[in-house]
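No gaps in the numbering here: position 25 of the sequence shown is 120 in the numbering used here, and each next residue is one more.
Backbone N, C-alpha and C fix where the C-beta goes; we use that ideal spot for every residue, glycine too.
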Amino acid sequence: MSKEAYPLGASALDELFRASLKYRDRAYAPYSKFRVGAALLGADGQIFGGCNVENASYGAGICAERTAIVKAISEGQNKFLAVAVSSDVPSPTTSPCGICRQFLREFLSPKIPIYFISAEYQSIKSTPTWLETLDDEEAKKYIVKMTMEELLPNSFGPDNLGIKGPQ
96 MSKEAYPLGA SALDELFRAS LKYRDRAYAP YSKFRVGAAL LGADGQIFGG CNVENASYGA
156 GICAERTAIV KAISEGQNKF LAVAVSSDVP SPTTSPCGIC RQFLREFLSP KIPIYFISAE
216 YQSIKSTPTW LETLDDEEAK KYIVKMTMEE LLPNSFGPDN LGIKGPQ
């Protein structure tokens with residue numbers, strides 16, 4: 096896959112992708128059995144992660160993406176370089192629900208890369224540069240990349256209210 100696809104470097108992104116899988120494995124999803132993990136790469140290089148946590152009162156549950164953002168914000172990080180989201184779904188992988196897209200929009204710049212990681216990614220034995228050796232078609236089996244703007248086009252955010260958002 097081209098270096099343009101991974102401007103942050105393959106090694107850093109592999110770490111981010113695997114973190115999202117680690118958080119997915121920690122999900123509490125006894126009702127839906129649908130586990131999701133999310134990892135955000137902060138501007139300082141720190142990774143913040145979260146998983147979905149369900150509740151018997153279904154509306155009280157929270158998604159992985161929102162958990163990760165809340166965790167990062169509560170730790171003082173509000174600038175992000177990339178996001179990875181994973182689930183148990185094989186290729187093609189899943190993407191965030193509508194409320195998570197809007198929640199992410201509040202804190203992410205329109206051009207930030209968001210990577211959706213296939214459950215099959217976990218089985219790959221990686222080396223620091225293995226991502227760079229994949230051609231585009233092979234990589235699409237494991238990774239889908241979008242920007243925040245592509246994920247939620249024509250979105251509503253802080254700027255629509257005359258407020259400068261954290262991004």
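Mark Asn147 as exposed unless 16 or more other C-beta atoms lie within 10 angstroms of its C-beta, in which case mark it buried. Here Asn147 is buried. Its C-beta has 16 or more other C-beta atoms within 10 Å.
Give me the Cα-Cα distance between Tyr153 and Arg113, rounded to the nearest whole angstrom. C-alpha separation (whole angstroms): 28 Å.
Distance check for Lys206 and Met96, CA to CA, integer angstroms please. Confidence is the limiting factor: at Met96 the pLDDT is only 43, short of 50, which leaves the residue's position unreliable and the question unanswerable from this model.
Assign Gly145 to one of three DSSP states: helix, strand, or coil. The answer is strand: DSSP assigns Gly145 an E or B state.
For the segment 131-139 against the segment 173-185, do three or more pairs of beta-carbon atoms, one drawn from each stretch, fall closer than 8 Å, so that the two count as touching? Short answer: they touch.
DSSP state of Val175 mapped onto helix, strand, coil: The sequence shown places Phe at residue 175, rather than the Val named in the question. Correct three-state label for Phe175: strand.
Between the alpha carbons of Ala167 and Ile212, how many angstroms are there, rounded? Each residue's alpha carbon lies about 20 Å from the other.
What number of angstroms, rounded off, separates the C-alpha of Ser204 from the C-alpha of Cys195? If you take the alpha carbons of Ser204 and Cys195, they lie about 15 Å apart.
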